[in-house]
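Residue numbers (the working numbering): 22 to 197. Structure first, then comments.
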Amino acid sequence: MKRLFAVAAGLSAAALLLAACGAGGYGNGGSSKRSSAPLDTGSTVTTKRIAGRTVLVAADGRALYTPEQEAGGMIRCTGACLQIWEPLTPQAAQPTGAVGSGTLGVLARPDGTRQVTFNGNPVYRFVYDRTGTVNGDGFRDAFGGQQFTWHVVTAGDGASSTPSSTAPSSSSGFGY
Numbered sequence: 022m023k024r025l026f027a028v029a030a031g032l033s034a035a036a037l038l039l040a041a042c043g044a045g046g047y048g049n050g051g052s053s054k055r056s057s058a059p060l061d062t063g064s065t066v067t068t069k070r071i072a073g074r075t076v077l078v079a080a081d082g083r084a085l086y087t088p089e090q091e092a093g094g095m096i097r098c099t100g101a102c103l104q105i106w107e108p109l110t111p112q113a114a115q116p117t118g119a120v121g122s123g124t125l126g127v128l129a130r131p132d133g134t135r136q137v138t139f140n141g142n143p144v145y146r147f148v149y150d151r152t153g154t155v156n157g158d159g160f161r162d163a164f165g166g167q168q169f170t171w172h173v174v175t176a177g178d179g180a181s182s183t184p185s186s187t188a189p190s191s192s193s194g195f196g197y
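Printed below as a string of structure tokens:
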């Protein structure tokens, strides 16, 4: 009887763990499917009003983010981090020019790919966002021992310093 109870408890715990891993976010119904097509950001980084703020968005309408730890263009989001945070990559022409009160540019990532920057800071899309949502603002996670705090990029001054009400206030548990 004890063995049957232990097996049942173990299976229940495993089912809960799998359900938590598969939840993929915070009830936003968004897809965890990564978009593999690079974007031609020369004309497709725009601004959009989301959650009461004017934020930078990619061509697919998803908000753009930058982590505090990559200020000044130092790339630290690599490996497993890229499964959650997609670098915004240009397809052809180098994006330049002003968007909001900032400037677009490009830098080389450690793997040789190019990544779009805003005011010199690399920008990413959050895989659990969908068009018109800002779920990654204030998000904290860790990959390979590197801690990250992510902020949506606003058109006024770059990265937001105030997390939105939809952002989790504690660590995400994505610490690989």
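The C-beta atom is built at its ideal place from N, Cα and C for all residues, glycine as well.
(message) Mapping the DSSP letters down to three states, classify ALA104 as helix, strand or coil.
(response) Numbered from its first residue, the sequence shown carries residue 104 at position 83. This sequence places Gln at residue 104; Ala is not what is there. DSSP places GLN104 in helix when its eight states are reduced to three.
(request) List the endpoints of the continuous beta strand (DSSP E) containing GLY126. (result) Your numbering for residue 126 matches position 105 in the sequence shown. Its beta strand (DSSP E) spans residues 123–129.
(message) Just verifying my parser: in three-state terms, what is the DSSP assignment at ARG55?
(response) Position 34 of the sequence shown, counted from the first residue, corresponds to residue 55. A caution first: ARG55 carries a pLDDT of 39, below 50, which makes its placement in the model unreliable, though a value can still be read off. Reduced to three states, the DSSP call for ARG55 is coil.
(request) From the DSSP output, in three-state form, read off GLN201 for me. (result) Here the chain has residues from 22 to 197 only, and residue 201 is not among them.
(request) Please report the Cβ distance between VAL155 and ALA79, rounded to the nearest whole angstrom; I am assuming they are in contact, meaning their Cβ atoms lie under 8 Å. (result) Mapped onto the sequence shown, residue 155 falls at position 134. Mapped onto the sequence shown, residue 79 falls at position 58. Contact doesn't hold; Cβ gap of about 13 Å is too wide.
(request) Using alpha carbons as the reference points, say which of LEU77, THR175, ILE71, GLY100 lies closest to GLY166. (result) For the purposes of this step, residue 166 is taken as the residue at position 145 of the sequence shown. Among LEU77, THR175, ILE71, GLY100, the Cα nearest to that of GLY166 is on GLY100.
(request) Counting only the same chain and skipping the five closest in sequence on each side, list residues whose C-beta sits under 8 Å from that of ASP132. (result) Within the sequence shown, numbered from 1, the residue matching residue 132 stands at position 111. Cβ neighbours of ASP132 beyond the five flanking positions: THR99.
(message) Just to confirm the assignment, what range does the beta strand (DSSP E) spanning GLN136 have?
(response) Your numbering for residue 136 matches position 115 in the sequence shown. Residues 135–139.
(request) On the DSSP bridge assignment, give the partners of THR87 in chain order. (result) As a first step, residue 87 is located in the sequence shown; it is residue number 66 there, counting from the start. Partner(s): HIS172.
(message) Closest to PHE164 by C-alpha separation, out of GLY94, PHE139, GLN104, ALA72, would be which residue?
(response) Indexing the sequence shown from 1 puts residue 164 at position 143. PHE164 has its Cα closest to that of GLN104, out of GLY94, PHE139, GLN104, ALA72.
(message) For ALA129, count the other beta carbons within 10 Å of its own beta carbon; 16 or more makes it buried, fewer makes it exposed. Which is it?
(response) Taking the sequence shown and counting its residues from 1, one reaches residue 129 at position 108. With fewer than 16 Cβ atoms within 10 Å of its Cβ, ALA129 is classed as exposed.
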